[in-house]
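S.K.:
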Amino acid sequence: MGTSTLSTGYKWYHHRKIEPQWHFGHGLSYTTFEYSELSLSEPKFVNGDLNLTASVKVTNTGSVTGTDVVQLYVSYPTTAEVTHPPLMLKAFAKVIDLAPGKSEVVQLPLDKYAVSYWEDRISRWVVDDGVYLVRVGRSSAPEALTLSKEFKIEKRFEWNGL
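If you're matching positions, the sequence shown starts at 680 in our numbering and goes up one per residue.
1. So is Val761 buried or exposed if we call it buried at 16+ other beta carbons inside 10 Å?
2. When the Cα atoms are used, what is the spatial distance from Leu777 to Arg803?
3. Quick one: residues in its chain with C-beta nearer than 8 Å to the C-beta of Glu833, no 5 flanking neighbours on either side, listed in chain order?
4. In the DSSP assignment, the beta strand (DSSP E) including Pro764 goes from what residue to what residue?
5. From which residue to which residue does the beta strand (DSSP E) around Ile902 run?
6. Measuring CB atoms only, is the segment 778–785 touching the segment 728–746, in the sense that at least three cross pairs come out at less than 8 Å?
7. Who are the near neighbours of Ser683 in its chain, counting only those whose CB is closer than 6 Å to its CB and skipping five residues on each side?
8. Mind checking Lys831: buried by the 16 CB within 10 Å criterion, or exposed?
9. Is Met680 helix, strand or coil by DSSP?
10. To the nearest angstrom, how far is it from the Cα of Tyr811 to the Cα of His763?
Listed below in structure tokens is the structure:
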């Protein structure tokens, strides 16, 4: 039996710049939604953890009540010595039964897990310093990630445990 060329997951497609038939998070709805007013709190480090919250306004621009899932993706700094997938889902929240013309502000908390990666060479989790990009949208499709903001981590740190 030869090696399989099958692979799954949105990160594989994004990393190789392959357009999938259906992007991760793709869904159909009877209504339309608009995302606006993305904001990020200042990153704070408390007791060895990162506290950062993204906030986005979701408006039902259609004619019927609907539900949508807000997805938040993070891209790691390009200065990192390790190559990371260009897009990683790190938070999501569901807006349920939003009436036509109504809006809801969604909070998407991020912690150290959202910016960490496992480094085999030192057997520790690592958070690189640099500029991180946050993108928000309805799916992993580039055209669906309509909002973006950056935040900066000033100092690299490592940690162990869960």
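Just so it is clear, CB atoms sit at the ideal spot from N, CA and C, and this is done for glycine as well.
M.R.: Put simply:
1. exposed
2. Separation of Leu777 and Arg803 (C-alpha to C-alpha, rounded to the nearest whole angstrom) is 43 Å.
3. Asp808
4. Per DSSP, Pro764 is not a residue of any beta strand (DSSP E), being assigned neither H nor E.
5. Outside the modelled stretch of the chain, which goes from 680 to 841, sits residue 902, for which no answer is possible.
6. By the Cβ test, the segment 778–785 is in contact with the segment 728–746, since at least three Cβ pairs between them sit closer than 8 Å.
7. Note that Ser683 scores a pLDDT of 36, beneath 50, so its modelled location is shaky; the value from the coordinates is reported in the next line. Excluding positions up to five away in sequence, the list is empty.
8. exposed
9. Unreliable placement is indicated for Met680, whose pLDDT of 38 sits below 50; no coordinate value is reported for it.
10. 12 Å
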